[in-house]
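Below is one structure, written out as structure tokens; comments come after it.
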Amino acid sequence: MKKLLILLMTCFILTGCNDKNFDAPLDTIMDNLYEGIDTEGLRKTSVVRHSELEIETLDNVEYTDILISVPYNREDGNSIILLRSDNPKDTINQISYRVDDNAVIKNEGNLIMVVNYYDQTTQNKIIENFDKLFD
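Each residue of the sequence shown is one higher than the last, beginning at 110 in our numbering.
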């Protein structure tokens with residue numbers, strides 16, 4: 110439990126939350142995250158909001174748009190989740206205690222990324238690609 114708390118605090122310190130909104134399509138952002146990475150064997154599952162005013166929930170996590178990328182072979186646990194939230198701080202709080210110790214949560218404005226890759230090189234490249242989007 111102590112490790113998880115340290116991880117969560119680190120995520121908040123490193124990512125912060127700001128008020129910028131990024132409205133690019135999530136599938137475009139996801140494609141950018143995989144730049145320079147072999148994506149054979151990956152699939153994307155898209156879940157989007159039903160109306161402009163409707164907030165969706167997934168396991169009690171609030172979001173307005175979501176895109177999940179997982180391997181066809183789900184046994185390895187690797188995944189990227191991109192979601193938009195009207196209140197990113199609350200959404201990060203809702204997500205943070207549900208993620209694996211290896212997972213990293215980053216946000217930029219209303220956009221939140223949860224990346225969980227056991228290959229640290231791949232995970233670091235995805236995080237680097239996320240950061241490049243907002244330089």
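In this text, a Cβ means the ideal position worked out from N, Cα and C, and glycines have one as well.
Taking C-beta separations shorter than 6 Å and ignoring five residues to either side along the sequence, Thr137 has no partners in its chain.
Taking Asn141 as the centre and dropping the five residues before and after it, the same chain places the C-beta of Asn238, Leu242 closer than 7 Å to its C-beta, in chain order. The shortest C-alpha to C-alpha distance from Ile177 to any of Asn202, Tyr143, Asp195, Tyr206 is the one to Tyr143.
Taking all protein chains shown into account, Arg193 has 16 or more neighbouring C-beta atoms within 10 Å of its C-beta and is therefore buried. Closest by C-alpha distance to Glu171, out of Val179, Leu191, Asn187, is Leu191. If you compare the alpha carbons of Pro134, Asn225, Val208 with that of Pro180, the shortest gap goes to Asn225. Within the model, the alpha-carbon separation for Asn202 versus Ala133 is close to 24 Å. Between Ile235 and Ile175, the C-beta gap is not smaller than 8 Å, which leaves the two residues out of contact.
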